[in-house]
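Colleague: For what it's worth, our numbering labels the leading residue of the sequence shown as 101, then goes sequentially.
Cβ atoms here follow ideal geometry from the backbone N, Cα and C, with glycine treated the same way.
Quick caveat, the model's predicted, so the values are computed rather than measured.
The structure that follows is given in the form of structure tokens.
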Amino acid sequence: MNCNSFIPALVSPSGGGSGSGGGTTNYDQLSNRPVQNVSGNPVIISTLPSGVYNIDGSWVVTADEKPRPTHKDDMFYVLNENGVCKMTWITAGEIYTYSSQNGDASSVEEDRVTKESDCKNHTGGGEGITDPDDLIGNFSESGSSTEGLPDWFGVF
């Protein structure tokens, strides 16, 4: 196996990995980019195709919301299908999730992924839930959070 088999994709004039030389050093000219770069003020998430994005500028889930700024290295994981928009926004040590059912601001739901340090009884203080075990649920044999799941679910 050639450890450098991905290199032709980086130097192809078309970005497609033909290995013909000439090359590009511009990420946006590569085909099959794992992360799409988009710019706008604002970028409307519910109009983007499903994918992973880095947004330069500001963003909104729906067109009638107040724009939110982005940081240089924020990542947006977007799923848009059957009229439902779901997004995960990862920014500077925090993770947020958003969903919208009907495409207007009144349907947008925001949630924050909680860390153990956000718990009230954690040594670092914080706000939110009172028991760190609530972050992942109870996977004991008698725990109700595994009800209806296969026996092997709590093993991993």
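1. If distances are taken between C-alpha atoms only, which option among F176, S207, P142, G151 comes closest to I190?
2. Is V208 closer than 8 Å to Y198 when the C-beta atoms are compared?
3. Quick check: what's the CA-CA separation for E194 versus D211?
4. Are D156 and N126 closer than 8 Å when you measure CB to CB?
5. In three-state DSSP terms, what is S131?
6. To the nearest angstrom, how far is the alpha carbon of M187 from that of S150?
7. Whole beta strand (DSSP E) runs in the region 125 to 169 with 3 or more residues, listed along the chain?
Modeller: In terms of the structure at hand:
1. Against the sequence shown, residue 190 aligns to sequence position 90. Selected option, being the one with the closest Cα: F176.
2. Reading the sequence shown from its first residue, position 98 is the one you call residue 198. Reading the sequence shown from its first residue, position 108 is the one you call residue 208. Cβ distance < 8 Å, so Y198 and V208 count as in contact.
3. Position 94 of the sequence shown, counting from 1, holds the residue named residue 194. Position 111 of the sequence shown, counting from 1, holds the residue named residue 211. Approximately 11 Å between the Cα atoms of the pair.
4. On the sequence shown, position 56 is the one that residue 156 refers to. On the sequence shown, position 26 is the one that residue 126 refers to. Cβ distance not < 8 Å, so D156 and N126 don't count as in contact.
5. Walking along the sequence shown from the start, residue 131 turns up at place 31. Residue state for S131 is assigned as coil, using DSSP reduced to three classes.
6. Stepping through the sequence shown from its first residue, residue 187 is reached at position 87. Stepping through the sequence shown from its first residue, residue 150 is reached at position 50. In this structure, the CA atom of M187 is about 9 Å from the CA atom of S150.
7. Listed in chain order, the complete beta strand (DSSP E) runs (minimum 3 residues) inside the region 125 to 169 are 136 to 144, 151 to 160.
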